[in-house]
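What follows is one structure encoded as structure tokens, with my remarks underneath.
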Amino acid sequence: MTSTTAASAIVADAQLAVASTAQGATHCAFVNGGVPGGAAFVALTGGNCQVPQILKGDVYVFLASAAPATGVLTDDITVAGPMVVQIS
């Protein structure tokens with residue numbers, strides 16, 4: 023799993039381009055200590071995910087096959103990752 027978005031362009035509310043050979047991914051899970059449940063899930067559309075506005079600093083990005091309402095990323099829905107990004 024890699025990002026084709028330039029590091030300087032990774033900001034809240036921007037699009038993060040993700041490349042992966044993993045199958046079954048429908049969402050990006052953004053994980054850091056400030057998110058209720060542990061992860062913020064957003065739809066993966068055309069290889070892009072919109073970076074949630076609530077995130078700043080070091081964030082772990084995973085690809086997931088679901089987006090549980092609890093905000094909890096579990097092994098059974100994790101498709102790829104982690105990828106560490108710095109969100110400014």
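In the numbering used here, the protein residues as written are 23 to 110.
Even for Gly, the Cβ is constructed at its ideal location relative to N, Cα and C.
Subject >> Which of helix, strand or coil DSSP assigns to ILE32 >> reply: Working through the sequence shown from its first residue, we reach residue 32 at position 10. It is coil, neither helix nor strand.
**OP:** Please report how far the alpha carbon of VAL73 lies from the alpha carbon of ALA34, in whole angstroms.
**Re:** The residue labelled residue 73 in the question sits at position 51 within the sequence shown. The residue labelled residue 34 in the question sits at position 12 within the sequence shown. Taking the straight line joining both Cα atoms gives about 5 Å.
Original post:
Where does ALA47 land, buried or exposed, given buried means 16+ other C-beta within 10 angstroms?
Top reply: Stepping through the sequence shown from its first residue, residue 47 is reached at position 25. When all chains shown are included, ALA47 counts as buried.
**OP:** May I have the straight-line CA-CA distance separating VAL64 from PRO90, to the nearest angstrom?
**Re:** On the sequence shown, residue 64 is found 42 positions in, with the first residue counted as 1. On the sequence shown, residue 90 is found 68 positions in, with the first residue counted as 1. When rounded, the distance between both Cα atoms is 11 Å.
Original post:
VAL83 and ASN54 look like a contact to me (Cβ under 8 Å); what is the Cβ gap, rounded to whole Å?
Top reply: Translated into the one-based positions of the sequence shown, residue 83 becomes position 61. Translated into the one-based positions of the sequence shown, residue 54 becomes position 32. Not quite, the Cβ-Cβ distance comes to about 10 Å (not below 8 Å), so this is no contact.
**OP:** In the DSSP assignment, find the beta strand (DSSP E) that holds ASN70 and state where it starts and stops.
**Re:** On the sequence shown, residue 70 is found 48 positions in, with the first residue counted as 1. Element bounds for ASN70: 70-72.
Original post:
In chain order, what residues of the same chain lie with their CB nearer than 7 Å to the CB of ALA39, ignoring the 5 residues before and after it?
Top reply: Residue numbering aside, residue 39 sits at position 17 when the sequence shown is read from its first letter. These residues qualify, in order along the chain: SER25, THR26, THR27, GLY69, ASN70.
**OP:** Would you kindly report the start and end of the unbroken beta strand (DSSP E) that includes ASP80?
**Re:** The residue given as residue 80 occupies position 58 in the sequence shown. Element bounds for ASP80: 79-86.
Original post:
Out of curiosity, what's the CA-to-CA distance linking ALA88 and ALA29?
Top reply: In the sequence shown, residue 88 corresponds to position 66, counting from 1. In the sequence shown, residue 29 corresponds to position 7, counting from 1. Going from the Cα of ALA88 to the Cα of ALA29 covers about 26 Å.
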